[in-house]
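For reference, the structure is listed below as structure tokens.
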Amino acid sequence: MKNSKYNYLVIEDDTNVWENIRCRMLAYDDWQALEFSSELTDAVAKITEEKPELIFTDWSIRGGNAYQILESISTVENYTPYIIFFTGYQSENPEIPQKIVNHFPIVKKYIIKPIYENLTNHLAEYIQEARLLALKSGEKKEIWIEDFMQRKFRINPAECMAFLQIPDRPRMKRLIVKDMPSITLKYTWEDCSRLILKWGIDFFVAYHRKSIINKAFVKKLDNRKIILADDTIIEVSREQWKEIERSFTFQYY
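Here you go:
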């Protein structure tokens, strides 16, 4: 349930590689493709204009190589994409990994071609890391929110992990925010849902209407329990458990 999506870009002159990545990314419905780019000028333009949160880039492309793309990204203010770099030229150019490590720390993953086995085993992990990086670096705006006693708290909406029903107090919700004490709100579920949609958070409802959870902060699923990044444990109804398990297969970390 998300009113906005993350963008990803594939920079590669082999359309078979692009199509393989695109098909794999269809499993993650909060990500949308910016098509692909096969040459340097086009790649730099797409990155500058669209600022995709995730970039898959080959080392060799028409008109140049990935070094020029990485240098261009490094000059864009307030922009930190998750970059997956791959190459089939390491044997001919053994300096590539050293140059990436020493000069381009913005690269998060380095893969030797063929990349398919690596993506089969690790793409879900990369996607989750990309989501978290996007939350940390791409959503810095903070807002003020009032608790049920009209005390004001400054929060980052991207760091809101869950709204939880307070037992026996149907008008009260507990808002869990990363690295902050929980905040008690006098909110209806409609109020909570409206805020989450406004903030663009990818969320789901667990245990009927007793909890609304931000997917990016799900740490583990365990025996009808959802464990958040701060180790908060949320019970899930039997009816919803199978659906939630399917939703998070290959996605939660």
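full-length UniProt numbering numbers the first residue of the sequence shown as 1 and each following residue consecutively.
Every residue gets a Cβ at the ideal spot worked out from N, C-alpha and C, and that includes glycine.
Nearest neighbour of residue 179 by Cα position, chosen from 232, 194, 17, 54, turns out to be 232. Counting along the chain, residue 67 sits inside no beta strand (DSSP E); it lies in the alpha helix (DSSP H) bounded by residues 66 to 74. Here residue 214 is bridged, per DSSP, to 203. The beta carbon of residue 159 lies closer than 6 Å to those of 177, 178 in the same chain, with the five residues before and after it left out. Residues 145, 177 of the same chain have their beta carbon placed closer than 6 Å to that of residue 155, with the five preceding and five following residues left out of the count.
The beta carbon of residue 142 lies closer than 7 Å to those of 154, 155, 156 in the same chain, with the five residues before and after it left out. The C-beta distance from residue 57 to residue 11 rounds to 4 Å, short enough to fall under 8 Å. The DSSP-derived three-state label of residue 132 is helix. Around the C-beta of residue 26, fewer than 16 other C-beta atoms lie within 10 Å, and the residue is accordingly described as exposed. Close CB contacts of residue 123 within its chain, under the 7 Å cut and outside five residues either way in sequence, are with 24 (chain order).
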